[in-house]
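S.K.:
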Amino acid sequence: MKDFSFLIGGKAGDGIKQAGHFLAQLFNELGYNIFIYEDYQSLITGGHNFSIVRASDKRILSHKQKVDFAIVFNKDTLEKNQENFKKETIIIYDSDVIQSNDLPKKYKAVAFPMSNVLKESNLPLIVRNAVSLGILAGILKIDFELVKKIIENSVHKKIEENIKVAEIGYKEGLEHKNGFEIEKLKNEPRKILTGNEAIALGAVRAGMKFYFAYPMTPASGILHFLAANEDKFGVKAIHPENEIAVALMAEGAATAGKRAMVGTSGGGFALMVEALSLAGQAEIPIVFVLSQRPGPATGIPTYTSQADLLFSLFAGHGEFLKIVVAPGDVDEAMFLTAMAMNLSWKYQTPAIILSDKHLSESVFSAYYDENKIKIEQPKLWSGKGDYKRYSDEKDGISSLAFLGDKNAIVKATSYEHNEFGITTENSEEAKKMAEKRLRKKITLLKELKGEKTINVLGNKKSKNVLIVWGSTKGAAVEAAENLGIKVIQPMFIEPFPADEIKKELKGAKKIIDIETNATGQMAYILKANGIEVDEKILKYDGRPFIIEKLEEKIKKIIK
Amino acid sequence: MSREMDTKIEKTWCPGCANFTIEAVFKNTLLELEKEGLDLSKVVVLSGIGCHGKISDYLNLSSFYSLHGRAIPVAEGIKLANKDLIPIVFVGDGDAYGEGLEHLIFAAKRNTNINVFVHNNRVYGLTTGQFAPTSPEKFKGRSTPKGSVEEPLNPIELMLASKASFVARGYTGKAEHLKDLMKQALHHRGFSFIDILQPCLAYFDSRDFYGKNVYEMEAQDVSNFNSAMAKALEWDYNNGGKIPVGVFYNQKKLTFEEKICLTN
Chain A
1 MKDFSFLIGG KAGDGIKQAG HFLAQLFNEL GYNIFIYEDY QSLITGGHNF SIVRASDKRI
61 LSHKQKVDFA IVFNKDTLEK NQENFKKETI IIYDSDVIQS NDLPKKYKAV AFPMSNVLKE
121 SNLPLIVRNA VSLGILAGIL KIDFELVKKI IENSVHKKIE ENIKVAEIGY KEGLEHKNGF
181 EIEKLKNEPR KILTGNEAIA LGAVRAGMKF YFAYPMTPAS GILHFLAANE DKFGVKAIHP
241 ENEIAVALMA EGAATAGKRA MVGTSGGGFA LMVEALSLAG QAEIPIVFVL SQRPGPATGI
301 PTYTSQADLL FSLFAGHGEF LKIVVAPGDV DEAMFLTAMA MNLSWKYQTP AIILSDKHLS
361 ESVFSAYYDE NKIKIEQPKL WSGKGDYKRY SDEKDGISSL AFLGDKNAIV KATSYEHNEF
421 GITTENSEEA KKMAEKRLRK KITLLKELKG EKTINVLGNK KSKNVLIVWG STKGAAVEAA
481 ENLGIKVIQP MFIEPFPADE IKKELKGAKK IIDIETNATG QMAYILKANG IEVDEKILKY
541 DGRPFIIEKL EEKIKKIIK
Chain B
1001 MSREMDTKIE KTWCPGCANF TIEAVFKNTL LELEKEGLDL SKVVVLSGIG CHGKISDYLN
1061 LSSFYSLHGR AIPVAEGIKL ANKDLIPIVF VGDGDAYGEG LEHLIFAAKR NTNINVFVHN
1121 NRVYGLTTGQ FAPTSPEKFK GRSTPKGSVE EPLNPIELML ASKASFVARG YTGKAEHLKD
1181 LMKQALHHRG FSFIDILQPC LAYFDSRDFY GKNVYEMEAQ DVSNFNSAMA KALEWDYNNG
1241 GKIPVGVFYN QKKLTFEEKI CLTN
């Protein structure tokens, strides 16, 4: 197996993220699958940041704890990332900021005066990322032309100077005694995407015309990506005064016939909940991206969590159909977002994409073919007779006309209403409309029978079963493969695919629930659906599960 | 008349309520504008929650009966999605100056091309008589039985400070004058704001006060911000002083939607 992990550590402002992306592109060009985990703090400069880049000849959805190479820009990295190093780790460090006696003897090290090389070339310290890319490429005997190409593609200023210092590093790397030649694989390079980019692409393919958002980590990546690509995608990315306006503007746009999505994290979603309920009552299609981070309140902004599962499920006063999906990787982020958008329009009801920092901001090799996504049309008004916005249909779904449509008087409302959309307090009518709205779920359940709503992974015959959801899929699937056990991952949370899960659990001996929250929220949903888990493995320190440690924990349980 | 303007459902405003006046003036405004070529199928009525909000139910026009304080952002989304639509947002004083104040300020700041008509009776009606953001100081409402200790907000001053491009004040006791303001607002390309003073017969009957003090402003240079501001400060929304009605400010500038399209 060809599987390499790299850690890049330094302070914020050192260009850690860019260095990680350089490496990812390098290995992507060499035909490897990529995963990048980014660990950073809620500050602009200083502190301690690191990225772990993993490149493998097999599909990977997670990083490993132990790395083969480390690029070290500050002393902090040596102390704070100790648990990521093993004795074989080759540590490439800036000898202008770290003395050789700072470095524990057990490691193989490559000392290089990165800061001085840049000083001589009149380049800022951030260019250490290009120097270190050169050193690493030299150690691994990678053709320098490839390094050049990557710098040309990603650097926008002083490209020649960047290449020159990368070459100085490259020559140093070539001479390193522990160097070896890395194999170029036959695979073509793939698209590498963050979860946020995949969510954005899925929505664009499913016909989104407007994205409204107020900045909030870890969802901001969607806003930035769409704003930077407005013209390419034919969308508008709009940043209003707050999350309340965000959700309401999206609902206004939808009522006028344009597909819209909004994105935020838990605190912003809390502000959107009022509008979520409005979408339930007024039957407005809208997609919410809820990218979780640890709470309560401001919590830990740049870290990960799966603690808003029940919040998303129960958000919104009153009773109405909601669609909740939880993608576990970029492929699922793309197609589940598209599916959520299409279903939201077909059922005229809100949909929620549950992501988290670990999915939203990690980088994955993408396999899913975007061209498979189709815009599915909702039931549109025929144009005949008087239009009834909330006509009482057998399947619960009234035909749609939009504001401004000729001959249609479209009345959307937050009040309980009659079929025309005029306020009612009549008991018969209130009951009739509540039932009409809830009947949409029955229709949706029928449609979902033909769709894949859960993933079954790992050793499908094993009687030891892990239940995971969202980004936890990555580490859990690899741990399960190593241990030869089964994984069930519900991709739909609402409607909950209880029957499908029960079928897969037949004969299971040990059911283990794995989540990054403190109370086992998925286990709670399973229990409500008559499924008891035997054990829970929970993590609630803001960090995602990591394969090696998770594997040990599972091992103890299944012995 | 091209279409029936009423939905024919029972109107539950109090007998003699000034909301009837606003509704009638609005219908007449639309009918007159229709003769000038306005396509009624492009008109979208929006309202918040409060007595005013019922206008969405009563008018046989496309409408969005939104949440309390939340009609304005919905109207902005509608206008962004389809620039041919004409959103006319009826809001209450508690609705626009209390619960949803941030939306009002930002809609003005953006110069989004919508019309905001505030039913300002300076009291909460539907929730049965509490003080409002524009109630006079010492106002005795059900939540302030000893009298409100807050100074009233001056929405004209606030809208000017927020860069609104059309700012006017009307009074339901001057229906013809109000109709003229509505027409000007609908002709204005950009954010149009009318603070419509109205008595609430149930909780704040200010008819005598308005009858004595409201006067129509003489024609003035409405493009001059400083004189508009000076005029806006003539009445502070307390009990006392003369109350000018008419257009304070009218400035031509690009709208939010136009600017968004220019960045294409």
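Top line first, the protein sequences correspond to chains A and B. For the first sequence, the tail end lands on 559 under my numbering, and the numbers increase by one without skipping. For the second sequence, the tail end lands on 1264 under my numbering, and the numbers increase by one without skipping. Yeah, the Cβ is synthetic: ideal placement off N, Cα and C, and Gly gets one too. These figures come from a predicted structure and were not determined experimentally.
Looking at C-alpha atoms only, which residue of L445(A), T413(A) and N482(A) is the closest neighbour of F492(A)?
M.R.: Taking only the C-alpha atoms, the option nearest F492(A) is L445(A).
S.K.: Please list the terminal residues of the continuous beta strand (DSSP E) segment that includes N1115(B).
M.R.: Per DSSP, N1115(B) belongs to the beta strand (DSSP E) from N1115 to N1120.
S.K.: Taking P1133(B) as the query, report the chain A residues whose CB atoms sit under 7 Å from its CB, ordered along the chain.
M.R.: Those do not exist, as P1133(B) stays about 18 Å from chain A at its closest Cβ, beyond 7 Å.
S.K.: Our contact map puts T298(A) next to P544(A) with C-beta atoms below 8 Å; I'd like the distance itself, whole angstroms only.
M.R.: Not a contact, Cβ separation roughly 20 Å.
S.K.: Determine whether the beta carbon atoms of I151(A) and I159(A) lie at a separation below 8 Å.
M.R.: Cβ atoms of I151(A) and I159(A): closer than 8 Å.
S.K.: Taking Cβ-Cβ distances shorter than 7 Å, what residues in chain B pair up with T255(A)?
M.R.: Under the 7 Å cutoff, chain B gives F1064 and I1078.
S.K.: Under 9 Å, CB to CB, which of the residues in the segment 360 to 393 of chain A have a partner in chain E?
M.R.: Protein chains in the displayed structure are A and B, and chain E is not among them.
S.K.: Can you look up M1001(B) in the DSSP assignment and give me helix, strand or coil?
M.R.: Confidence at M1001(B) is low in this model, with a pLDDT of 46, below 50, so the placement of that residue is unreliable and no value is reported for it.
S.K.: Are there 16 or more other CB atoms within 10 angstroms of the CB of F1106(B), so buried, or fewer, so exposed?
M.R.: Answer is buried; the Cβ neighbour count reaches 16.
S.K.: Once you ignore the five residues that flank P1152(B) on each side, which residues in its own chain have a CB closer than 8 Å to its CB?
M.R.: If we look at P1152(B) and ignore the five residues flanking it on each side, its Cβ neighbours are R1122, P1133, T1134, S1135, P1136, E1137, D1236, Y1237 and N1238.
S.K.: Closest by CA to S1047(B), which one among F1090(B), G1147(B), L1181(B) and S1192(B)?
M.R.: For the residues F1090(B), G1147(B), L1181(B) and S1192(B), the minimum Cα distance to S1047(B) belongs to F1090(B).
S.K.: Would you kindly work out how many angstroms separate the C-alpha atoms of K11(A) and L125(A), rounded to a whole number?
M.R.: Going from the Cα of K11(A) to the Cα of L125(A) covers about 11 Å.
S.K.: Start and end of the beta strand (DSSP E) containing V1089(B)?
M.R.: That run of the beta strand (DSSP E) goes I1086 to G1092.
S.K.: For the 8 Å Cβ check, are there 3 or more pairs between the segment 1238 to 1254 of chain B and the segment 1162 to 1177 of chain B?
M.R.: Yes, the segment 1238 to 1254 of chain B is in contact with the segment 1162 to 1177 of chain B.
S.K.: Would S344(A) and I286(A) qualify as a contact pair, given that the criterion is a beta-carbon distance under 8 Å?
M.R.: Contact flag set, yes.
S.K.: Looking at T337(A): is its Cβ nearer than 8 Å to the Cβ of I199(A)?
M.R.: Contact flag set, yes.
S.K.: Find the residues of chain B that neighbour F210(A), judging by a C-beta separation of less than 9 Å, and give them in chain order.
M.R.: Per Cβ cutoff of 9 Å: G1077, L1080 and A1081.
S.K.: Just verifying my parser: in three-state terms, what is the DSSP assignment at N1213(B)?
M.R.: N1213(B): helix per DSSP, three-state reduction.
S.K.: What is the rounded straight-line gap between the Cα of A247(A) and the Cα of G1211(B)?
M.R.: Using only the alpha carbons, I get a separation of about 42 Å.
S.K.: Using C-beta distances below 6 Å, list every residue in its chain close to R59(A), excluding the 5 sequence neighbours before and after it, in chain order.
M.R.: Cβ neighbours of R59(A) beyond the five flanking positions: N33.
S.K.: So what's S1063(B) in DSSP terms, helix, strand or just coil?
M.R.: In the structure shown, S1063(B) sits in a strand (DSSP, three-state: E or B).
S.K.: Apart from the five residues on each side of it in sequence, which residues of its chain come closer than 7 Å, Cβ to Cβ, to L538(A)?
M.R.: Only E515, N517, A518 and G520 meet the Cβ criterion.
S.K.: Roughly how many whole angstroms lie between the Cα atoms of L26(A) and L1262(B)?
M.R.: Near 39 Å, if we compare the C-alpha coordinates of L1262(B) and L26(A).
S.K.: Measure the Cβ-Cβ separation of L1080(B) and K1042(B) and say whether it is below 8 Å.
M.R.: No.
S.K.: List, in order along the chain, the chain B residues whose C-beta lies closer than 8 Å to that of G404(A)?
M.R.: Near G404(A) (Cβ distances below 8 Å), the residues of chain B are S1041, K1042, V1044, S1062, N1082, D1084 and L1085.
S.K.: If I'm right that G138(A) touches Y170(A) with Cβ under 8 Å, what's the distance once you round it to whole angstroms?
M.R.: G138(A) to Y170(A), Cβ: 4 Å. Contact.
S.K.: What residues from chain A crowd round E1102(B), counting only those whose CB sits closer than 9 Å?
M.R.: E241, N242, I244 and A245, listed in chain order.
S.K.: For M261(A), which residues does DSSP report across the bridge?
M.R.: Beta-bridge pairing links M261(A) to Y211(A) and V287(A).
S.K.: Distance, Cα to Cα, I284(A) vs E416(A)?
M.R.: Going by the C-alpha atoms only, they are around 14 Å apart.
S.K.: Report buried or exposed for H1052(B), applying the criterion of at least 16 other Cβ atoms within 10 angstroms of its Cβ.
M.R.: By the 10 Å Cβ count, H1052(B) comes out buried.
S.K.: So, is L30(A) buried or exposed, given that buried needs 16 or more other C-beta atoms within 10 angstroms?
M.R.: L30(A) comes out buried.
S.K.: Excluding sequence positions up to five away, which residues of its chain have a Cβ less than 8 Å from the Cβ of K258(A)?
M.R.: Contacts found: K209 and F210.
S.K.: Quick check on the DSSP output: the alpha helix (DSSP H) that includes T194(A) runs from which residue to which?
M.R.: Careful: T194(A) lies outside any alpha helix (DSSP H), inside the beta strand (DSSP E) at I192 to T194.
S.K.: A412(A) by DSSP, collapsed to three states: which one?
M.R.: Strand.
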